[in-house]
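A.B. asks: Counting with UniProt numbering, you get residues 1 to 109 for the letters of the sequence shown. Submitted below is the structure of interest, expressed as structure tokens.
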Amino acid sequence: METRSMPLENRPRLPRIALSKQNRAVVRALNPMLVTYLEASRDAQGQQQKLTERIDDLKQRIAAWGKRIRRYTERSTRFNQNRLFQSDQKRLYKSLERPMVSETGPVPN
């Protein structure tokens with residue numbers, strides 16, 4: 001049963017217990033604590049939603065930075081290859097024939 005949308009007066013307070021004089025005092029003391037607990041749990045749900053939104057935002061920022069770095073690397077490689085082509089075509093083709101170990105550049109001799 002969803003209790004968060006119910007008014008506080010209609011929410012079940014405690015499990016049914018025999019209402020002796022001592023139990024009434026306990027119920028009276030626990031009711032304000034229960035209200036506080038329910039308010040805190042509602043706040044926790046809001047915090048969880050804020051955290052989820054923040055995590056999604058950071059994931060998108062990381063992805064955007066990754067794409068930006070990839071575009072920069074490709075542009076830089078293209079620029080260097082064009083410059084090398086204009087100055088020394090033979091060296092460019094030799095560098096293209098060498099296998100690439102990683103995305104950082106060609107294998108040194």
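Ideal Cβ placement from N, Cα and C applies to all residues, glycine included. Nothing here was measured: the structure is a model prediction, and the numbers come from that model.
Mind checking which residues open and close the alpha helix (DSSP H) that includes residue 24?
C.D. replies: That run of the alpha helix (DSSP H) goes 21-87.
A.B. asks: Taking only the alpha-carbon atoms, compute the straight-line gap between residue 22 and residue 33 and give it to the nearest angstrom.
C.D. replies: So the alpha carbons of these two residues sit roughly 17 Å apart.
A.B. asks: Just to confirm, is the Cβ distance from residue 85 to residue 92 under 8 Å?
C.D. replies: Result yes, Cβ atoms of residue 85 and residue 92 sit closer than 8 Å.
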